[in-house]
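Chain order of the listed sequences is A and B. Each residue of the first sequence is one higher than the last, beginning at 130 in the numbering used here. Each residue of the second sequence is one higher than the last, beginning at 72 in the numbering used here. What follows is a single structure, written as structure tokens, with notes after it.
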Amino acid sequence: MKYVGQDLPHESARLHVTGEALYTDDLVTRFPGCLHAWPVQSPHAHARVLGVDASAAEATPGFVRLLDAGDVPGEGDTGAARKDEPLFPNEACYEGQPVRWALAETEEAARLAATRVVVEWEVLPAVLGVRAAIEAESYLADEIAIRRGDVASALEGAPHRLSFELLVGGQEQLYLETQAALVDHDENGQVVVHSSTQNPTETQVIVARVLGLPRSRVTCQSLRMGGGFGGKETQANPIASVAAVGAHVTHRPVRVRLDRQRDISSTGKRHPFLGRLDVGFDDAGKLVAVDAKLFADGGYSLDLTVPIAWRALFHLDNAYLLPSCSLTARAMRTNVPSNTAFRGFGGPQGMLMIEEAMDRVARALDRSPLEVREANFYVEGDKTPYGLEVRHPERIRRVWDGVLESSEYEARRAEVDAFNAAHEHTKRGLAITPVKFGISFTTAFFNQAGALVLIYADGSVQLNHGGTEMGQGLHTKMRQIAAQELGVLLDDVRLMPTRTDKVPNTSATAASSGADLNGAAVRDACQKLRARLAEVAAAELGAAVDELSFEDACVFVASSPTRSMAFGELAQKAYLERVQLSATGYYKTPEISFDEAAGRGRPFHYFAYGAAVSEVEIDGFTGQHFVRRADILHDVGDSLSPLLDRGQIEGAFVQGMGWLTREELRRDAKGRLGTRGLSTYKIPGADDMPKDFRVALLPRATEPGVVHGSKAVGEPPLMLAISVREALRDAVAAFGDQPSGEAVELATPATPEAVWRACRAIQGR
Amino acid sequence: MNEPRETPPGARLLSFRLNGEDLSVATADHQTLLELLRYGLDRVGTKQGCDSGECGACTVLLDGRPVLACLTLAVQVEGRDVRTVEALAEREAAALLDAFDRHDAAQCGFCTPGVLMSAEALLMDKRRVVSQGEARAALSGNLCRCTGYTKILDAVVDASEKLVEAADRTREPAS
Numbered sequence: 130m131k132y133v134g135q136d137l138p139h140e141s142a143r144l145h146v147t148g149e150a151l152y153t154d155d156l157v158t159r160f161p162g163c164l165h166a167w168p169v170q171s172p173h174a175h176a177r178v179l180g181v182d183a184s185a186a187e188a189t190p191g192f193v194r195l196l197d198a199g200d201v202p203g204e205g206d207t208g209a210a211r212k213d214e215p216l217f218p219n220e221a222c223y224e225g226q227p228v229r230w231a232l233a234e235t236e237e238a239a240r241l242a243a244t245r246v247v248v249e250w251e252v253l254p255a256v257l258g259v260r261a262a263i264e265a266e267s268y269l270a271d272e273i274a275i276r277r278g279d280v281a282s283a284l285e286g287a288p289h290r291l292s293f294e295l296l297v298g299g300q301e302q303l304y305l306e307t308q309a310a311l312v313d314h315d316e317n318g319q320v321v322v323h324s325s326t327q328n329p330t331e332t333q334v335i336v337a338r339v340l341g342l343p344r345s346r347v348t349c350q351s352l353r354m355g356g357g358f359g360g361k362e363t364q365a366n367p368i369a370s371v372a373a374v375g376a377h378v379t380h381r382p383v384r385v386r387l388d389r390q391r392d393i394s395s396t397g398k399r400h401p402f403l404g405r406l407d408v409g410f411d412d413a414g415k416l417v418a419v420d421a422k423l424f425a426d427g428g429y430s431l432d433l434t435v436p437i438a439w440r441a442l443f444h445l446d447n448a449y450l451l452p453s454c455s456l457t458a459r460a461m462r463t464n465v466p467s468n469t470a471f472r473g474f475g476g477p478q479g480m481l482m483i484e485e486a487m488d489r490v491a492r493a494l495d496r497s498p499l500e501v502r503e504a505n506f507y508v509e510g511d512k513t514p515y516g517l518e519v520r521h522p523e524r525i526r527r528v529w530d531g532v533l534e535s536s537e538y539e540a541r542r543a544e545v546d547a548f549n550a551a552h553e554h555t556k557r558g559l560a561i562t563p564v565k566f567g568i569s570f571t572t573a574f575f576n577q578a579g580a581l582v583l584i585y586a587d588g589s590v591q592l593n594h595g596g597t598e599m600g601q602g603l604h605t606k607m608r609q610i611a612a613q614e615l616g617v618l619l620d621d622v623r624l625m626p627t628r629t630d631k632v633p634n635t636s637a638t639a640a641s642s643g644a645d646l647n648g649a650a651v652r653d654a655c656q657k658l659r660a661r662l663a664e665v666a667a668a669e670l671g672a673a674v675d676e677l678s679f680e681d682a683c684v685f686v687a688s689s690p691t692r693s694m695a696f697g698e699l700a701q702k703a704y705l706e707r708v709q710l711s712a713t714g715y716y717k718t719p720e721i722s723f724d725e726a727a728g729r730g731r732p733f734h735y736f737a738y739g740a741a742v743s744e745v746e747i748d749g750f751t752g753q754h755f756v757r758r759a760d761i762l763h764d765v766g767d768s769l770s771p772l773l774d775r776g777q778i779e780g781a782f783v784q785g786m787g788w789l790t791r792e793e794l795r796r797d798a799k800g801r802l803g804t805r806g807l808s809t810y811k812i813p814g815a816d817d818m819p820k821d822f823r824v825a826l827l828p829r830a831t832e833p834g835v836v837h838g839s840k841a842v843g844e845p846p847l848m849l850a851i852s853v854r855e856a857l858r859d860a861v862a863a864f865g866d867q868p869s870g871e872a873v874e875l876a877t878p879a880t881p882e883a884v885w886r887a888c889r890a891i892q893g894r
Numbered sequence: 072m073n074e075p076r077e078t079p080p081g082a083r084l085l086s087f088r089l090n091g092e093d094l095s096v097a098t099a100d101h102q103t104l105l106e107l108l109r110y111g112l113d114r115v116g117t118k119q120g121c122d123s124g125e126c127g128a129c130t131v132l133l134d135g136r137p138v139l140a141c142l143t144l145a146v147q148v149e150g151r152d153v154r155t156v157e158a159l160a161e162r163e164a165a166a167l168l169d170a171f172d173r174h175d176a177a178q179c180g181f182c183t184p185g186v187l188m189s190a191e192a193l194l195m196d197k198r199r200v201v202s203q204g205e206a207r208a209a210l211s212g213n214l215c216r217c218t219g220y221t222k223i224l225d226a227v228v229d230a231s232e233k234l235v236e237a238a239d240r241t242r243e244p245a246s
């Protein structure tokens, strides 16, 4: 039986539905004597710690100690990109920043003690918002740039020109399982870190650094996560580090679990971006020149802001040729939590800039946005602004034309126009947008992965790989690949928890790359084992190695299937013959490189494509809106696991809808976050779904050079939700006179309030 | 019934039925049902997602009706019947669990226990094929960040159909 390409439920499906699937915090009762830590958070966006009085905390029954910098045996800093994140800082740089941690026998005691710690603060001026940061010249890093041609003279010579500013809001990851870690010492003195982390190696590295130990003394395990979405790529590290320091000073297990309020208030989010664009175009709406200056709100520390800004620039073109361009980005330092990875990693913000430009160009020319987008699509032989030839640009047209047809776009365009002509206070909108998303870590050395496969002499198999499971189904895909390569049953392959003592020096499970990288490494290990086993079987069955088939836990001579032996029998035979039954696998993506100074290179192995048509309806009195129908056609190559991939596409689209239409992070003038829970921060619920939701995978889409011809799927479909924003704009425009030749302003996120304002603005002009 | 434990100071003895088993446990007046289940009784299947009644991950059934364990004080369940996700595997919820498997309705799985309890309450209440709209309404208090909800709603409707089919089969006279 072939497993790759089959509809299979999640590897832990049964455990999920019986409540037996354990997450990091579920382990706590397995650690008798476990202590609990609770943060003392800054109430100010920027303030110096002048003194800490813990005497009231010390009187709390069950209180153990207040952790501070003096307890750190190694380096008291958890910054992943730069050492700019002190674990127990004496200067708080955002409201909600933990400055000390109370350690106690129970969570309740830790919580009580933390509230009783009296900190004397000297309040300092804060920089809030990206515009203020530009004003204050508050930078985290130097400007980065990608340039092609002489953009100034190209803009001068363009038949038409427009400019605009677009502010894109942030987004909280809102993984359902909050940040959690549990650290203990095992019977061998090893520091064992259980962490809800997407990046066990980095968590291990940072904990080792904080403890002043070689990495070999620290093992990190990520059993599974209740969602990650990028929010646990670097930001699990300080949580694990606090637990590690606590375990170090007390010689007891220590657990840290943030509750929702503390998680939202102390961890980073998707970066808000400000874009300033100057665009030149011809009469057909074809772009001639684009000058784009992006500013990313990085928060208080560097974290991943620079690679995120790079990815924003890499996706500023989306599916369109920018003949002459100057694209720059700057990471801005502000007094909010350090903004970090979130599905798309800057790509969505960059893409939104050019989609905004497309709509403005179309309206300036009184052309349809659809037609203007089509006029700018990449074709064979075109290169991106950073000099990479666009691989398979014809797929842009394939997904585009495919979804135009399946969604009956043309007929519905007429229906929507007719509805709008007949309704004064309710308007509908329809829009189509494309996605082209680059796959690979843009930092070349991250594009490597390892696996460790063990076959026991009874034929049962243990599979280890470097990727983490956060709900995306990576473990399921890895099992499918291993079972198929070894020709065993799926149930014969036991997927082991992701641990740094099985596969070392791994990359984060991020950049949609988990299946591409780890899958190729798993296949490599399994192919080595199969080659060794084939030698044994060939001798046993009296056939040549290349005559053998491995399938359904059986090895047989392809031309005469009765000459066969069971896989378990073969494993036993191989063991007796002293054949090694374990193998490591390894993969590195070929031909990846990027010259940051020149802004040129090949940061991606390939592109994933998709297109979506969305139809919305707006109530003009309230701005309330909903998606009537969404149609998606997405390119996942030859899907490794179609059921899982459809789930990723649906989930990403809805998450993108949330970012663009619902989820708004609000801070007051002092930088205090007002949206600290799900009652005020609105992620999509079951009722916010498109009323009619149709998702299809692009057929005949083999991607050569990727494991089993598949493509990455995690991030790209999030940006399909831009079609919802553009449909909202189309509906808002219907409240005004058309065509007007004027832009239709729409804030991001386009919450009901923002849509109501947009409707008012257009009716008033 | 297990032996009553010694009651620590400031605590009281609480008796209730959990997943069909009669229990007596010590609890403090301010302890939530969620804290008691997870950290007092090691029933960690029920998840803690928001601690403030907003996400639905801790949904359990109290006398057959869905409640949020994070907003329910442990003392409120005195003498009452509590069912958690751990009970579903052992009972007639097989149709529901199978449907969740087949539709791959759980991705990260963290919201799943709460979703299942809301769905179970709906199916036990209606005892007929439910509509997508009814499923949406019943699950409107359960947030999921991974799926687009379609697989969850499809699974609930599918399970209701299977339950009706099974009930019809048992009603058919033996021939």
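Cβ atoms here follow ideal geometry from the backbone N, Cα and C, with glycine treated the same way. Remember, predicted model here, so these are calculated numbers, not experimental data.
If you compare alpha carbons, which of the options is closest to residue i?
i      : options                           : result
A/R502 : A/R526, A/E509, A/S324 and A/K512 : A/R526
A/T147 : B/L112, B/A160 and B/L105         : B/A160
B/L167 : B/F181, B/L142 and B/V200         : B/V200
A/P343 : A/M354, A/T330 and A/G355         : A/T330
A/H734 : A/A365, A/G208, A/F566 and A/G355 : A/F566
A/A448 : A/E236, A/I273 and A/F506         : A/F506
A/E706 : A/A666, A/H444 and A/L442         : A/A666
A/G357 : B/V228, B/V235, B/C217 and B/A230 : B/C217
By Cβ distance, which residues of its chain are closer than 6 Å to residue i, with the 5 residues on each side in sequence left out?
i      : result
A/A265 : V256
A/V490 : F410, G414 and V501
A/K512 : E518
B/S86  : S95
Taking DSSP as the reference, what is the three-state secondary structure of residue i?
i      : result
A/V178 : strand
A/T244 : helix
A/G739 : strand
B/E74  : Reliability of the predicted coordinates at B/E74 is poor, the pLDDT of 43 falling under 50, and the value obtained from them is presented with this limitation in mind. B/E74: coil per DSSP, three-state reduction.
A/P227 : strand
A/M848 : helix
A/N366 : helix
Return no unless some Cβ of chain B is closer than 9 Å to the Cβ of residue i.
i      : result
A/F822 : yes
A/M818 : yes
A/M625 : no
A/E680 : no
Does any C-beta atom of chain A lie closer than 9 Å to the C-beta of residue i?
i      : result
B/E157 : yes
B/V96  : no
B/V115 : yes
B/P137 : no
B/F87  : no
B/R83  : no
B/A160 : yes
B/R173 : yes
B/L210 : yes
B/K197 : no
B/K222 : yes
Among residues of its own chain, excluding the 5 on either side of residue i, which ones have a beta-carbon nearer than 7 Å to its beta-carbon?
i      : result
A/L151 : L352
A/G803 : R795, R796, D797 and T809
So, at 8 Å on beta carbons, what are the nonlocal neighbours of residue i in its own chain, with the 5 sequence-adjacent residues on each side left out?
i      : result
A/V861 : K556, G558, I747, V873, L875, V884, A887, C888 and I891
A/F160 : L311, D313, P382 and R384
* Sequence ranges, beta strand (DSSP E) only - wholly within the segment 150-177 of chain A, length at least 3 -> 164-170
* Asked: Which runs of the alpha helix (DSSP H), 4 residues or longer, sit entirely within the segment 261-300 of chain A?
  -> 280-286
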